[in-house]
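What follows is a short report on a single structure.
In my numbering, the protein residues as written are 255 to 691.
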């Protein structure tokens, strides 16, 4: 710690000269101008339109826009350094700033390329990762890294078998993070190759990809801990505690993950299927929709209202689920209708068939049928049955169209739908007829 403070003190003393202050001011002005330039370039409508386009040219444009403030800072600082060299004026701080600016530009470009290789999974973390890596390398350039390591290593706790310091913890986190990054990149590469294999079912490809990703990340954590110098045998107590936690507090989460793998392997539900998971068929907003995505813990189901429901995997395993497109996308819909006893049921049955004939989504083979189901208190119970082959386009909209047609044809043919009626009879008695008791 004393050596680190001594180095910082010497550096600060060297910055108090007139020449050093001028160089620092020039570097600060160059950084502010570069920041302003980057904001102006990224904020243009042309830049936003270019970023929205797919392809290599759009990605190259995005990389240039991201690196533009760093590139501008490097150019401005280098120009000022060239002027100082031409005037034969001492420029040690500017030369150091040129090195650091070039290093920052290089790191930012590399981080962007890594982000693309990972499928934008680190999007939003680019500046943070760049800053952390740059600070570490900048400390090496300035010669402050070793004193800083010694200072951090001097602060810690001593246990029976080892000593835990701030530096060991930071080293552990950094090493594990690097191994996880490599594992995610490898999983992404494997997933891209796997998804291109059309010979396997989509659900099988997704299941293998999710399992490989989980396995590689878990393996990378163990390898990172080992590479950081941590004795894995010391984790026996921790793993035992985790096992107890899985048995009690985390059992629902583990059950959802295992259920997710089961869904992926048995291919009972796959992206694009139309399902109903509330036990009621044909509902439009409650548990009826399209499977958008299969995740490790839940399934994304989107209904016709645009609402995306995250259904836990365990719910789909332990409860009945109606898969409208499991083996055959064709489904049969039933429309019950009641007709008055004053009307001819044969005419009503013919009208029901006529109402289903003109709809474009109703199949002709098998064709619609009308049935007389029973005799109610108020009239005949009829039922129109027909098949559709595209439930993903909705089922209630077909019902609505056919019901409207039935109502129109009933009015044209003089058919009536009876309304429930009750007859109340009131008997009056004279007072003399009443029993005196």
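Every residue gets a Cβ at the ideal spot worked out from N, C-alpha and C, and that includes glycine.
Q.
By alpha-carbon positions, which one of 673, 281 and 613 ends up nearest to residue 630?
A. Ranking 673, 281 and 613 by CA distance to the CA of residue 630 puts 673 first.
*asked:* Taking 8 Å as the threshold (C-beta atoms), are residue 615 and residue 644 in contact?
replied: Yes; because the gap between Cβ atoms is below 8 Å, this pair is in contact.
Beta bridge counterpart(s) of residue 556 as assigned by DSSP: Looking at the DSSP output, residue 556 shares a beta bridge with 544 and 562.
Using beta-carbon positions only, say whether residue 359 and residue 330 come within less than 8 Å of one another. Not in contact: residue 359 and residue 330 (Cβ atoms no closer than 8 Å).
For the putative contact between residue 569 and residue 531, defined by C-beta atoms under 8 Å, what is the C-beta separation to the nearest angstrom? Right, the Cβ-Cβ distance comes to about 7 Å (below 8 Å), so this counts as a contact.
Taking a contact to mean a Cβ-Cβ separation below 8 Å, would you say residue 579 touches residue 527 in this structure? Result yes, Cβ atoms of residue 579 and residue 527 sit closer than 8 Å.
Next on the checklist: Given this structure, state the Cα-to-Cα distance separating residue 640 from residue 669, to the nearest angstrom.
Outcome noted: As the crow flies, the alpha-carbon of residue 640 is around 21 Å from that of residue 669.
request  = With distances taken Cα to Cα, identify the nearest neighbour of residue 611 among 633, 602 and 621.
outcome  = Sorting 633, 602 and 621 by C-alpha distance to the C-alpha of residue 611 places 621 at the top.
Mind checking whether residue 649 and residue 587 have CB atoms under 8 Å apart? Residue 649 places its beta carbon less than 8 Å from that of residue 587.
Enclosing alpha helix (DSSP H) for residue 617 [first to last residue]
Per DSSP, residue 617 belongs to no alpha helix (DSSP H) and is neither H nor E.
Contact check, residue 582 vs residue 613 under 8 Å by CB: the rounded distance?
Cβ-Cβ separation between residue 582 and residue 613: approximately 20 Å, too far for a contact (criterion under 8 Å).
| query | Between the C-alpha atoms of residue 448 and residue 463, what's the straight-line distance to the nearest angstrom? | reply | Rounded to whole angstroms, the gap between the alpha carbons of residue 448 and residue 463 is 7 Å.
message: On the DSSP bridge list, what partners appear for residue 636?
response: Residue pairing for residue 636: DSSP places it in a beta bridge opposite 591 and 626.
Can you give me the C-alpha to C-alpha distance between residue 524 and residue 425, rounded to a whole angstrom? In this model, residue 524 and residue 425 are separated by some 42 Å (Cα to Cα).
Rounded to the nearest angstrom, what separates residue 280 and residue 395 at their Cα positions?
One C-alpha to the other measures close to 20 Å.
Nearest residue (CA-CA) to residue 345, options 276, 444 and 318: Across the set 276, 444 and 318, the C-alpha of 276 shows the shortest separation from the C-alpha of residue 345.
>> Could you tell me the alpha carbon to alpha carbon distance between residue 459 and residue 367, rounded to whole angstroms?
In response: Going by C-alpha positions, residue 459 is about 26 Å away from residue 367.
Starting from residue 529, trace the beta strand (DSSP E) in both directions and tell me its first and last residue. In the DSSP assignment, residue 529 falls within the unbroken beta strand (DSSP E) covering 528-530.
- Query: By how many angstroms is the C-alpha of residue 450 removed from the C-alpha of residue 539?
  - Reply: Only weak support is given to the placement of residue 539: the predicted model assigns it a pLDDT of 42, under 50, and the question is left unresolved by the model.
Hey, out of 607, 294 and 557, whose CA is closest to residue 322's CA? When only C-alpha atoms are compared, the closest one is 294.
* Straight-line gap, residue 592 to residue 635 (C-alpha atoms, nearest Å) -> Going from the Cα of residue 592 to the Cα of residue 635 covers about 5 Å.
Item checked: Beta-carbon gap between residue 419 and residue 481 smaller than 8 Å -> Taking a C-beta distance under 8 Å as the contact criterion, residue 419 and residue 481 do not qualify as a contact pair.
Is the beta carbon of residue 638 less than 8 Å from the beta carbon of residue 589? If you check the CB distance, residue 638 and residue 589 come in under 8 Å.
- Message: Distance check for residue 404 and residue 422, CA to CA, integer angstroms please.
- Response: The straight-line gap separating the alpha-carbon atoms of residue 422 and residue 404 is approximately 11 Å.
Residue 388 and residue 338: beta carbons closer than 8 Å?
-> Taking 8 Å as the cut-off, the Cβ atoms of residue 388 and residue 338 do not count as close.
### Endpoints, the alpha helix (DSSP H) within which residue 646 is located
For residue 646, no alpha helix (DSSP H) encloses it, and the DSSP letter there is neither H nor E.
Along the chain, where does the alpha helix (DSSP H) that runs through residue 349 open and close? Residues 346-371.
task: Pick helix, strand or coil for residue 676, following the three-state DSSP scheme.
output: If DSSP states are grouped into helix, strand and coil, residue 676 belongs with coil.
Next on the checklist: From the DSSP secondary-structure annotation, give me the bridge partner or partners of residue 663.
Outcome noted: Beta-bridge pairing links residue 663 to no other residue.
- Message: Going by the DSSP bridge assignment, what does residue 586 pair with across the sheet?
- Response: Looking at the DSSP assignment, residue 586 forms a beta bridge with 641.
C-beta contact flag for residue 663 and residue 609 at 8 Å = It is a contact, given that the beta carbons lie within the stated cut-off.
My understanding is that residue 433 touches residue 466, with C-beta atoms under 8 Å, so please give their C-beta distance in whole angstroms.
Not a contact, Cβ separation roughly 16 Å.
query = Are the beta-carbon atoms belonging to residue 575 and residue 642 less than 8 Å from one another?
reply = Judged by their CB atoms, residue 575 and residue 642 are not nearer to each other than the 8 Å cut-off.
Taking all protein chains shown into account, decide if residue 561 is buried (16 or more other Cβ within 10 angstroms of its Cβ) or exposed.
-> With fewer than 16 Cβ atoms within 10 Å of its Cβ, residue 561 is classed as exposed.
(message) Along the chain, where does the alpha helix (DSSP H) containing residue 520 start, and where does it finish?
(response) If you look at residue 520, you'll find it in the alpha helix (DSSP H) that goes 505-520.
Exercise. Do you know offhand how far residue 556's Cα is from residue 546's?
Worked result: Rounded to whole angstroms, residue 556 to residue 546 spans 7 Å at the Cα level.
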